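First up is the structure itself, then whatever we jot down about it.
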Amino acid sequence: MTLTLGHYLFLGSGLFIIGIFGALTRRSVIGILMSIELIFNAANVNLAAFNRFLHPDGVTGQAFALFIMTVAAAEVVVGLALVLAIYRSRDKIYMEDINIMRG
Amino acid sequence: MIESIAFYMMAGVALGSALLVVTLRNTVHCALFLGLSLAGVAGVFGTLGADFLFASQILIYVGGIAVLMIFAVMLMGRTSDLTLRQVNQEWLAGLLVCAITAVGLWRAAKACLSATASGSPAASTRPLGRLMLGDYAVPFELISLVLTAALLGAIFFTRREAGGRK
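In structure tokens form, the structure reads like this:
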């Protein structure tokens, strides 16, 4: 059997759902950041698959995936720096302890 | 045929280790499996013929982000974290949200099961370079600005202030 666009979309949605589940349920901030990386990867898989199956002559989808990769790298750097700053000043990394903005 | 086998293997690695990332208790193991999952996604890019994406996925994600995550886990970890419950009380609601989303995505993806690829994939590095320095020159410069800002922000957030105070 040959591979179709649907196969790649199933993989992308699977990764996305696992990432959403992790982001909703993990207790530690680092676990949530990891889940967000999984969501970014699901988007990248979909972009590359659409590029290959629907627009095989161009590389626009791959260029977008590269941009997303760069933004994800920046996001994780800033996120981890923020988590490190919170950990230094409050000694906490679990989400239920970091609710000072709840009012 | 060989393409299908490669796709199923790589997709299995990516999905299986992604599941372990969100369910395991030991955060160090989670970070290691995150690296494995990202490597599986790189293999999926390989089956799509996206050679430059394959290389940069390994360089940026596996070599950069996963290692950064492991560093962060080791900097901020305590021994009690290794066995503590890592999932909060609302996991049932989270599962419900995921199930609803899954139904929608399933229906959308099922509609695309007839679209097959035409021809064999061409090398993409040269056209990507031309695109980045041609049509996408402005976003390319902007993204380097974003990276510089992120670098400065990370340094600003993590530096210790002079004068003894943390």
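Chains as they are written, first to last, in my numbering: chain A, 39 to 141; chain B, 142 to 307.
Beta carbons: idealized from backbone N, C-alpha and C, even for Gly.
None of these values were measured; they are calculated from a predicted model.
Sequence-ordered contacts of the region 40-57 of chain A with chain B read Thr40, Leu41, Thr42, Leu43, Gly44, His45, Tyr46, Leu47, Phe48, Leu49, Gly50, Ser51, Gly52, Leu53, Phe54, Ile55, Ile56, Gly57 [C-beta pairs closer than 9 Å].
Alanine 180 of chain B and valine 214 of chain B do not touch by the CB rule: their CB atoms are close to 18 Å apart, not below 8 Å.
In chain order, Leu179, Val182 make up the part of chain B whose C-beta sits under 7 Å from the C-beta of asparagine 79 of chain A. Between the region 121-134 of chain A and the region 287-299 of chain B there are three or more inter-stretch CB-CB distances shorter than 8 Å, so the stretches are counted as touching. By the C-beta density criterion, phenylalanine 212 of chain B is exposed, having fewer than 16 other C-beta atoms within 10 angstroms.
Counting only runs of at least 4 residues, the region 57-126 of chain A fully encloses the following alpha helix (DSSP H) elements, listed from N- to C-terminal order: 67-92. It is roughly 11 Å from the alpha-carbon of isoleucine 70 of chain A to the alpha-carbon of methionine 210 of chain B. Judged by their CB atoms, valine 154 of chain B and serine 178 of chain B are nearer to each other than the 9 Å cut-off.
If you check the CB distance, leucine 53 of chain A and leucine 76 of chain A come in under 9 Å. Listed along chain A are Leu49, Val83, each with a C-beta nearer than 7 Å to that of valine 185 of chain B.
Around threonine 168 of chain B, the same chain offers Val214, Gly218, Asp222, Leu223, Gln227 as residues with beta carbons nearer than 8 Å, after the five sequence neighbours per side are excluded. Arginine 90 of chain A counts as buried, since no fewer than 16 other beta carbons sit within 10 angstroms of its beta carbon. In this structure isoleucine 206 of chain B is in contact with valine 114 of chain A, their Cβ atoms being roughly 5 Å apart against a cut-off of 8 Å. Looking at the DSSP output, threonine 42 of chain A bridges to B:Thr257. For arginine 65 of chain A, the residues of chain B that pass the 9 Å Cβ criterion are Leu225, Arg226, Gln227, Val228, Asn229, in the order they occur in the chain. Under the 9 Å criterion on CB atoms, methionine 107 of chain A is classed as interfacial with respect to chain B. Non-local beta-carbon contacts of alanine 152 of chain B in its own chain, meaning distances under 8 Å to residues more than five positions away in sequence, involve Gly181, Val185 in chain order.
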